[in-house]
Each structure stands twice: as structure tokens, then as C-alpha cells.
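Those protein sequences? They're chains A and B, same order as listed.
Start counting the first sequence at 1; every next residue gets the next number (the working numbering).
Start counting the second sequence at 1; every next residue gets the next number (the working numbering).
Built from N, CA and C at the ideal position, the CB exists for glycine as well.
Values in this document were obtained by computation on a predicted structure and should not be read as measured data.
2 protein chains.
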Amino acid sequence: MSNFYGEIDPPQRLLMGPGPINVHPRVLRAMGADMLGQFDPEMTEYMNQTMDLYRQVFMTQNRWTFLIDGSARAGIEAALTSLIEPGAKVLLIRSGRFGMLLGEIAERLGADIATIDLEWGQVATLAQIEAALAEHRPAVFAAIHGDTSTTTAQPLEGVGALCRKYDALSYVDATATLGGMPVRTDEWEIDVISAGLQKCMGGPPGSAPITISDRAAEFIFSRRKVESGIRRDDISDGTRPFIRSNYFDLAMVMDYWSEKRLNHHTEATSMLYAARECARLALEEGLENRFARHVAAGKAMAEGLRGLGLTLYGQDAYRMSNVTGVYIPEGVNGERVRARMRDEYQIEIGTAFGPLVGKIWRLGAMGYNAELHKVRLTLAALKAVLESEA
Amino acid sequence: MSNFYGEIDPPQRLLMGPGPINVHPRVLRAMGADMLGQFDPEMTEYMNQTMDLYRQVFMTQNRWTFLIDGSARAGIEAALTSLIEPGAKVLLIRSGRFGMLLGEIAERLGADIATIDLEWGQVATLAQIEAALAEHRPAVFAAIHGDTSTTTAQPLEGVGALCRKYDALSYVDATATLGGMPVRTDEWEIDVISAGLQKCMGGPPGSAPITISDRAAEFIFSRRKVESGIRRDDISDGTRPFIRSNYFDLAMVMDYWSEKRLNHHTEATSMLYAARECARLALEEGLENRFARHVAAGKAMAEGLRGLGLTLYGQDAYRMSNVTGVYIPEGVNGERVRARMRDEYQIEIGTAFGPLVGKIWRLGAMGYNAELHKVRLTLAALKAVLESEA
Chain A
1 MSNFYGEIDP PQRLLMGPGP INVHPRVLRA MGADMLGQFD PEMTEYMNQT MDLYRQVFMT
61 QNRWTFLIDG SARAGIEAAL TSLIEPGAKV LLIRSGRFGM LLGEIAERLG ADIATIDLEW
121 GQVATLAQIE AALAEHRPAV FAAIHGDTST TTAQPLEGVG ALCRKYDALS YVDATATLGG
181 MPVRTDEWEI DVISAGLQKC MGGPPGSAPI TISDRAAEFI FSRRKVESGI RRDDISDGTR
241 PFIRSNYFDL AMVMDYWSEK RLNHHTEATS MLYAARECAR LALEEGLENR FARHVAAGKA
301 MAEGLRGLGL TLYGQDAYRM SNVTGVYIPE GVNGERVRAR MRDEYQIEIG TAFGPLVGKI
361 WRLGAMGYNA ELHKVRLTLA ALKAVLESEA
Chain B
1 MSNFYGEIDP PQRLLMGPGP INVHPRVLRA MGADMLGQFD PEMTEYMNQT MDLYRQVFMT
61 QNRWTFLIDG SARAGIEAAL TSLIEPGAKV LLIRSGRFGM LLGEIAERLG ADIATIDLEW
121 GQVATLAQIE AALAEHRPAV FAAIHGDTST TTAQPLEGVG ALCRKYDALS YVDATATLGG
181 MPVRTDEWEI DVISAGLQKC MGGPPGSAPI TISDRAAEFI FSRRKVESGI RRDDISDGTR
241 PFIRSNYFDL AMVMDYWSEK RLNHHTEATS MLYAARECAR LALEEGLENR FARHVAAGKA
301 MAEGLRGLGL TLYGQDAYRM SNVTGVYIPE GVNGERVRAR MRDEYQIEIG TAFGPLVGKI
361 WRLGAMGYNA ELHKVRLTLA ALKAVLESEA
């Protein structure tokens, strides 16, 4: 029997977890615009504008700054698949779930993996990173900027320069920080950084902005493999082992986003509109203002949680400004509190992964939700629930 | 200098090419709904509804019917990456650009490729398919249902049964036909079929519905590899070589869409809303009514083009009902006609790929645009442009 269900009609919920979060209304409206042909001049102009806007968001001059069609994880995999040749040595920092994800992806790519393994929530020092680079001499170094699983941000100042000194290409996942904490691509000299929209950018999940340095692009183009169905005289295959994915072949994706306009996938038009509007909002606000807004909201959240007598997880010095971990008090059923927050106040707060399951909640204040009044509403609701659970 | 550009404001263009096409207004509106937490009960209920809706669209009882986050090509790659083990024998039909794409992806996966190679626009007979299955004994058979590059539909009746007879898993790409021509998953006994929204489903590109038979799912689960950061007692690794992609590991994606709710990517919420609404529209109309509407529009397009004195490309018997190829008349500049159609009438018609570049135009009438008045407008505009070019 057919059942068509009703119109989409989600509850109006305040999403104060580690993401996705509520989307700015201007971004939702931008997705209401109709399609364009893939190579219509207006479409390619929107693609070019989006590249320019994300150069500003990533604080970079990188020509190759565009979108991967898929979730933030698609951006990570596109970067690693294009950078890691089978058997290549890769150095990773693992101190949380998403650092472990880098290892999972690298393993599937057949990499020879070396790791800086730290307790969850710890950060690597420059000295640790240099020692590991010197010891392992990796072809690729990869790390997470802000790992929401531990609410911890890895400092990246100086990391890119070290990688260049040891002749490694560097990759950073900035999914949880782009638009909320500084992601200084050029200043940090990181070769490839990818992100998502659904955290501090205030957009929906499903599009992954990425930026690629010229030296990384040169390497990736050396792995290019052009589809035989669309071969052209002005584009040739590379000299190195080809990339083991078609969808994530960044050389083909760059040819698609370049003036060559070599057909690859069909760009996710509505998500492009969303990504473009997210960037416009961030740049109109001003990146530094936006970072300050996230700091203020994160600080209010941290102080408010401490004011409730709760103990924060992690180190103040390396805490992400946009998501705060807090220990579930002894004797309190963490999942019941989350359910009551949702059912009685229509507020979502986050659970945890791995060794932190059942130990901490994660409270986000990012993008459209990095606002003091939303932090106050969340704290007031949590206070009421905890008091009635006591 | 910062430049934020203006609001998104595409021209109101009638997209009568091979896709993307204009999106039904109800689908655009569905994307305006705000986010939900990934595991909020309302979100998982929407996911379950979407699975049920696409079972109906794919005409299948397959439990495993869900969405891949990415373009239609992401669906193809997810299927092939999960089905093809390194070194496995794969049999493909290649008679157009997208058949060649199957080969490109299989090559990157390290498959041992056998092909039924036909001239572009030809279809394989059951006898040809059986002979190739008997000769090559592939682990996986893959074909395109409707290849828009040639406007040709491969008949699939009986193909799945042949594959089972020779113990091959079967895959079909139905990107260009789902919702416009019958895709009879269960009747055809095809193991895995993937599609997109941007053709006959009347939605935006960026989400790939997929359906998977139990026997294919069993094989895929035997290649499962659970991320160490989220390992759980109730889910274990498989016994066969793991899938060479994390993002496209259908075993993990199925665990995410199942009641196990094992975290994988963050589902592209807005695209899920869009996909759900596309399916609701298709089912409310009735699939058979919808197929008839596409046949009527395609017939009107074909007859109208012939009425203009033009010669159709391809064979009437195997023509897709939703996209029609037509030879560019001698002495006519095909690209100038397309530009004039766009600039003077705001109508897009399609160019071509590979051996057909500069030889044919491709005119679509699909999804929201499979309407007689839109076909008539397109023909009237083309007539006017051709007359003034003469």
C-alpha cells in the first residue's frame, strides 16, 4: 500500500549540540532558487563567485578553493584520496574520534601509517610534530583542527612550515572550526584544508568547502586520469599513479571548476547556493567579528555551566570556542536529561563518542546559534531539568 | 578587497536539456525547512519514511533503500566500490559515455574488466549478455539503464535473472530514468540500482537514491570495517577484503540508516527533505501516470522535431522517453543556436559528448518539465531560431 506521508514539518528545535545546527534563514531562502544548466554562464559565474568567497573565508590566495559535493567527510576523503598514493607514508595526530577517522581513511587507501597518539583531548606540541616528521619522513601529514568529539582545538601555527621543511604535504580538517575560529590557511602554510557548512558556517550538511595550495595541486594533477568518454586535447593524464576514486579525483574536480569546465559530476546546485550564502553572511559580518561572537558565546556557555556547579571536560587553553564538553554529574542519567531537554524545551544538546560515551555532554554555540540569548536559554533549561532530576 | 556579491537570483530559465531541470516548487519549498539533530526521533523518522517512499519509487521490497549524499555519480561509485573487490572480474556494457564511466570507476578500483563494447547508441541483446556472462564469469555485472549521452535505454527485462544464473551480482545506474521510465527493481532482479534527483524525479542534483537486494547487502556486509573511534559490540567487521573507501562503504552507510544508527557521515538534511518530497510527488501522481506523461512529452518532442524537418538520432525502439537526440542540420552552428535559445527565449537545450560533439543536440522533457506546453514552447523557439539562422 502506498503511503505518501505528510509535508515536511520538523519541530522548531534549538540545536545546541555539536552540529548540525539551525541554519540561518537567508541560507534556507537561498536554497529556494531554481536550477541553472550546469554550464550556463550564470551557473559558472556563481561557481566562480563561490570560489572567491571561500578564498576569503579560508583566508587564502589559493586559486583552488571550491566545493566537494557531499558531507564534510566527503571533503576529508577527497583530500586524502587525492594526496595519498598506495603505500605512501602518512603521519597523523590521533587524539579523538576524528583523528581516528583520518587513520581509517588512510588505511583503506593502503597508506603506511605513522601516528602521534595522544590521550583523547590532548594536543600535539610543535616539538612532538617535528620529532615525528623527522622520524617518519611522511609524504603526507594530516590532522584535525577542532575535534568535536573532545571539544579540543589543535594549534596549527607553524605546523605547515614544519611540514614543508620535511617535504610533506599537509592536510587539515577544519569542519568544526571554519567560520567560528580562525582558519589561517596561508599564514599556517597548510596545503589542503577542508570543512563543512553545518557547524560554524551556519548552513546545512552536504557540501564541503576545500582549499588547495598550488604545490598540492601540482602533485594532484600529476595523478590525473581523464575519463575516456570526455577526453580532450588540452587535458592529459598525469605521470604518477592515478587516484583510486573517480568521484574524489580532485584533479578532475579542479578541471570542472576551472575555465576548462571539463564535465565531471553534476554540481549540487542548491547546496552551492547554500554554501555561497553561508560565505556571504560570514564575510558581511566580518570574520574577526564572527570569531569574537563565537568566543563570547563559548565563554558564556563555559561560565554558565560552571555556575551550575558542573565540571568542564578538557583544558581551557585548547578548548574550541564553539563547543563545550561538560561532565555528566554523578547519579544523573545523561540520556534522560537530553531527552527532557528535547521534549520539554525543544533544545538539543549532544551526547559523546568512544571513551567519553555516558561521561560528558557536548554543548555547541555555533554559527546562527552562537548568540548569548540562545546560550542563556540552554543554561536555564538545563538548570531546570537538573534541579528536577536531583 | 572583500566582495560579497549579490543575493542568489538566477534567471527564470526553462531547462529542456538532459538535466538538471527545473525543480518542482514543492521540492524547493521542502528545502526551506530547518535542521534536526542527526539522531533526533523526528529525523530518524524522516529517514525511515524516505526509505519507504523510495522502495515504492524503485518498485522493490528491498529493505536497503536509502540515499547516498552526493551527486548521482556518488551513487554509482558507492555501489561499485562496495561490490567490486580488488582484482574481481567485472562485466560492463559500454555504448555511451556513462557506460564508459562505469569502466573508469572499475579501473580505479583495480577490477579485471571485461566489456560488451557496442557502437554508441546501440543496446545489448539478452543473448549477447548471456554469452558474455558465460565467457567471463564476472563477479559483478554493471550497465546503464538510460544513457543520456546517446538518449538510449538498455532493456533490462531478464538481465537480473541471467546474472543470478551465472552467479554475478548486478548493478544498474538509473540516474536518467528513475521516475520517468519504469525501473522495475524486483521484477528485473537487479541487485543494486542507484539514481539521482535531477532528471525525471524533478529535484536538484546532490542526492543519490539507491536500492540494494538482500543478497548484495549480505556480500557488502561481509566487507564491513567498523571505525575504531565508534566500535560497538553489536557490529563486527566482515570476513572479506574491506571496502577501499570510508565514505562509500555501503555497509557503514546501511548501519547508519538501520536501527543500529551507527554514526557515519552527517546526513545532508536539506537534500533528504528534497529527496523525500520528490518521491511524494511521484507517488501522488502515480508512477504509471508519470511514465505515461513522460512518454507523451517525449513523443511530442520527437514528432515536433521531425515536423521541423530535422532527423532524430538513435533508434525509435530504444529511445529514452525523456530525452531526444536530434542531428544539427548541415551548415547550422549548433552552439550558436543553443546560445540564441538561451539568450532570446531563456530555454536551455543540451550539447553532446564524445563522438557526438557538434553532431547532435539533446532535448529533454523530464520531471517537472515533461509537459506538452513546455515541449511546444521549446519547439516554437527552436523553429524561430532555425528560420532566422537559415
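Between residue i and residue j, which are expected to be in contact by the criterion C-beta below 8 Å, what is the C-beta distance as a whole number of angstroms?
i, j, result
"Y313/B", "G121/B", "7 Å"
"M31/A", "G32/B", "7 Å"
"D234/B", "K260/B", "7 Å"
"V90/B", "A114/B", "7 Å"
"S321/A", "M100/A", "Actually they are not in contact, since the Cβ atoms of S321/A and M100/A sit about 23 Å apart, beyond 8 Å."
"F98/A", "S170/A", "So it is not a contact: roughly 16 Å between Cβ atoms."
"Y5/A", "Q49/B", "5 Å"
"R63/A", "D214/A", "7 Å"
"A297/B", "E371/B", "6 Å"
"N246/A", "E77/B", "6 Å"
"T152/B", "R306/B", "Not a contact, Cβ separation roughly 18 Å."
"A79/A", "S194/A", "5 Å"
Below 8 Å between beta carbons: does that hold for residue i and residue j?
i, j, result
"A268/B", "D69/B", "yes"
"I212/B", "F353/A", "no"
"S71/B", "G206/B", "yes"
"I349/A", "G75/A", "no"
"A275/A", "L197/A", "yes"
"S95/B", "L126/B", "no"
"V326/B", "I360/B", "yes"
"F291/B", "S82/B", "no"
"I116/B", "Q128/B", "yes"
"T351/B", "D186/B", "no"
"I21/A", "L28/A", "no"
"V332/A", "L363/A", "no"
"L382/A", "M341/A", "yes"
"P86/B", "P209/B", "no"
"G367/A", "G334/A", "no"
"V385/A", "A300/A", "no"
"H265/B", "R293/A", "no"
"I10/B", "D34/A", "Residue identity differs from the one stated: residue 10/B is Pro in this sequence, not Ile. Closer than 8 Å, so yes."
Residue i lies in the alpha helix (DSSP H); which residues open and close that run?
i, result
"W188/A", "T185 to W188"
"L363/A", "First-last for L363/A: I360 to G364, but that is the beta strand (DSSP E), not the alpha helix (DSSP H)."
"Y247/A", "Per DSSP, Y247/A belongs to no alpha helix (DSSP H) and is neither H nor E."
"T44/B", "P41 to V57"
"T239/A", "Counting along the chain, T239/A falls outside any alpha helix (DSSP H), and DSSP gives it neither H nor E."
"A132/B", "L126 to H136"
"V192/B", "Where V192/B is concerned, there is no enclosing alpha helix (DSSP H), although the beta strand (DSSP E) it sits in stretches over V192 to S194."
"G203/B", "No alpha helix (DSSP H) contains G203/B, which DSSP labels as neither H nor E."
"R319/A", "From DSSP, R319/A is part of no alpha helix (DSSP H); its letter is neither H nor E."
"M271/B", "T269 to E285"
"E77/A", "A72 to L83"
"F98/B", "R97 to R108"
"D343/B", "G334 to Y345"
"S388/B", "L372 to E389"
"P25/B", "P25 to A30"
Note the first and the last residue of the continuous beta strand (DSSP E) segment covering residue i.
i, result
"I230/A", "Looking at the DSSP string, I230/A is not in any beta strand (DSSP E), and its letter there is neither H nor E."
"Y327/B", "V323 to Y327"
"F66/B", "W64 to D69"
"L91/A", "K89 to R94"
"S207/A", "S207 to I212"
"Y171/B", "L169 to D173"
"D112/B", "D112 to D117"
"V140/B", "V140 to I144"
Indicate whether the contact test is met: 3 or more Cβ pairs, each with one atom in the stretch 33-45 of chain A and one in the stretch 157-175 of chain A, closer than 8 Å.
No contact exists between the stretch 33-45 of chain A and the stretch 157-175 of chain A.
Would you check if the stretch 190-204 of chain A and the stretch 161-178 of chain A touch, i.e. whether three or more CB-CB distances between them fall below 8 Å?
By the Cβ rule, the stretch 161-178 of chain A counts as touching the stretch 190-204 of chain A, because three or more pairs are nearer than 8 Å.
Contact between the stretch 251-259 of chain B and the stretch 76-90 of chain A: three or more CB pairs below 8 Å?
The count of Cβ pairs closer than 8 Å, one atom from the stretch 251-259 of chain B and one from the stretch 76-90 of chain A, stays below three, leaving the stretches out of contact.
Residues of the stretch 3-33 of chain A with a CB closer than 8 Å to any CB of chain B: list them in chain order, please.
For chain B, the residues of the stretch 3-33 of chain A that bring a beta carbon within less than 8 Å of one of its beta carbons are N3, F4, Y5, E7, I8, D9, P10, P11, Q12, R13, L15, G17, G19, P20, I21, N22, V23, L28, R29, A30, M31, G32 and A33, in chain order.
Please identify, using Cβ separations under 7 Å, the residues of the stretch 202-231 of chain A that lie next to chain B, in order along the chain.
Per Cβ criterion, the list reads P204, P205, G206, E227, S228, G229 and I230.
Anything in the stretch 283-298 of chain A with a Cβ closer than 8 Å to a Cβ of chain B? List those residues in chain order, please.
Result list: L283 and E284.
Select from the stretch 344-366 of chain B all residues with a C-beta closer than 7 Å to any C-beta belonging to chain A, and list them in chain order.
Those residues of the stretch 344-366 of chain B that come within reach of chain A (Cβ to Cβ, closer than 7 Å) are E348, F353 and G354.
Proximal residues, the stretch 262-286 of chain B versus chain A, C-beta separation under 8 Å
Considering only beta carbons, the part of the stretch 262-286 of chain B lying closer than 8 Å to chain A consists of N263, H264, H265, T266, E267, A268, T269, S270, M271, Y273, A274, R276, E277, R280, L283 and E284, in chain order.
When you check each C-beta in the stretch 230-248 of chain A against every C-beta of chain B, which residues fall closer than 9 Å?
For the stretch 230-248 of chain A, which is checked against every Cβ of chain B, the residues closer than 9 Å are I230, R231, F242, I243, R244, S245, N246, Y247 and F248.
Closer than 7 Å, Cβ to Cβ, to anything on chain A: give me those residues from the stretch 89-105 of chain B, in chain order.
So the close ones are R97, M100, L101, E104 and I105.
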